[in-house]
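Enquirer: Per our numbering, the sequence shown runs over residues 254 to 536.
Glycine included, every Cβ here is placed at the ideal spot set by N, Cα and C.
Pasting a structure here, questions to come.
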Amino acid sequence: MGEEGVGGPFEVKPAVEPGSAAPDLAAPVGHQEVLDSLAAGQAGAARRAQDNLERRLRDEELVRRLSTQDFTGRLYEFFEAELARYAVSVLRAWMHSGYVFRLLAQRRVELHPTEAELRELHDDAETRQDLAAMTVAVALSKFRVNALRDGGWRVEGGANLTTYFMGACLFDFPNQFRKHRAYLQRHARAVAMEARVFDAGERRGADPADLALGEMHVRDALKRAPNGRTRAAVALTVDGYSQEEIAELTQSGSARAVEGIMYRWRLREKGEYAEGERDARTG
Numbered sequence: 254m255g256e257e258g259v260g261g262p263f264e265v266k267p268a269v270e271p272g273s274a275a276p277d278l279a280a281p282v283g284h285q286e287v288l289d290s291l292a293a294g295q296a297g298a299a300r301r302a303q304d305n306l307e308r309r310l311r312d313e314e315l316v317r318r319l320s321t322q323d324f325t326g327r328l329y330e331f332f333e334a335e336l337a338r339y340a341v342s343v344l345r346a347w348m349h350s351g352y353v354f355r356l357l358a359q360r361r362v363e364l365h366p367t368e369a370e371l372r373e374l375h376d377d378a379e380t381r382q383d384l385a386a387m388t389v390a391v392a393l394s395k396f397r398v399n400a401l402r403d404g405g406w407r408v409e410g411g412a413n414l415t416t417y418f419m420g421a422c423l424f425d426f427p428n429q430f431r432k433h434r435a436y437l438q439r440h441a442r443a444v445a446m447e448a449r450v451f452d453a454g455e456r457r458g459a460d461p462a463d464l465a466l467g468e469m470h471v472r473d474a475l476k477r478a479p480n481g482r483t484r485a486a487v488a489l490t491v492d493g494y495s496q497e498e499i500a501e502l503t504q505s506g507s508a509r510a511v512e513g514i515m516y517r518w519r520l521r522e523k524g525e526y527a528e529g530e531r532d533a534r535t536g
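Below, the structure written as structure tokens:
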């Protein structure tokens, strides 16, 4: 009777003949040999894992090179431009399909977009571009500090640089979307206020301090407003909003800032009105 286990069904045959050189157990196993030994589904997963690892190792070398110049200079500018181009493209696609909101919901960030907002993002390429560009611009500055300089991104973390950066963009997107939503709400209010101001039937009894120039003069004055913020401030004032509320709605900083906007607008319009009166008398 031989030794226990020898000659049994699980006997492992020696790879070399007795007396020959012992094999090198640390010799590498080729990637293709690994894939050939796996079932189809397992091979696909292994190939993806290998590709991901290789990308991350290339990213690690790139970050090392960028760090020698403190993440500045021409090489970093090229890297940043390529990363931004990629991220903007992805974000635009996510907004077009609405997938960005699904990703955020998975991360417990609920923006609850309306049908009108989803339709705008699907139909309006300019809005998608603006939101994507603003999101990426904000994310890039944080990414250089948090992920690169401070070492937030590490090769052992499992993500390559592009997927890590898209996570940073997804984190910043809600703020940009909320700002866009607030802008649309302010614009809608201003348009509605303007329509009411210019309706002769509804204008009776309006505040004379803000509408003393008369219906046609107010209409022209709003058209002459130097910027959208002044236009919105005037329209909201006509509607009875307080300066504190207008400051919040128009992101003007403070009630004092709104007071300054209205003061400058009144001075401008008094000058326009006086000039018009002179022209009328001499015409």
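Hey, is the stretch 331-346 in contact with the stretch 379-390, meaning 3+ C-beta pairs nearer than 8 Å?
Expert: Cβ pair count under 8 Å is three or more, so yes.
Enquirer: Which residue marks the beginning of the alpha helix (DSSP H) containing SER394, and which one marks its end?
Expert: Here the alpha helix (DSSP H) through SER394 covers 378-395.
Enquirer: Please tell me whether THR415 and LEU336 are closer than 8 Å, where the distance is taken between their beta carbons.
Expert: Yes. Within cutoff.
Enquirer: Checking 8 Å against the spacing of the C-beta atoms, do MET348 and ARG381 come in under that value?
Expert: Cβ atoms of MET348 and ARG381: closer than 8 Å.
Enquirer: I need the DSSP call for GLN496, collapsed to helix, strand or coil.
Expert: In the structure shown, GLN496 sits in a helix (DSSP, three-state: H, G or I).
Enquirer: Between the alpha carbons of LEU437 and ALA421, how many angstroms are there, rounded?
Expert: Cα-Cα distance, rounded: 25 Å.
Enquirer: If VAL362 and PRO427 are in contact, beta carbons under 8 Å, what's the gap, nearest whole angstrom?
Expert: Right, the Cβ-Cβ distance comes to about 6 Å (below 8 Å), so this counts as a contact.
Enquirer: Is DSSP giving ASN413 helix, strand or coil here?
Expert: Of the three classes helix, strand and coil, the one that applies to ASN413 here is coil, per DSSP.
Enquirer: Quick one: what's got a C-beta closer than 8 Å to TRP518's C-beta in the same chain, skipping five residues either side?
Expert: Result list for TRP518: ALA474, ALA478, THR483, ALA486, VAL487, in chain order.
Enquirer: Taking the alpha-carbon of GLY404 as reference, which of GLY506, ASP323, THR490 has the nearest alpha-carbon?
Expert: GLY404 has its Cα closest to that of ASP323, out of GLY506, ASP323, THR490.
Enquirer: Alpha carbons only, please: which of GLY410, ALA385, TYR417 is nearest the one belonging to GLN429?
Expert: Out of GLY410, ALA385, TYR417, ALA385 has the C-alpha closest to the C-alpha of GLN429.
Enquirer: For a test of the three-state rule: what should DSSP assign to HIS365, helix, strand or coil?
Expert: The answer is coil: DSSP assigns HIS365 none of H, G, I, E or B.
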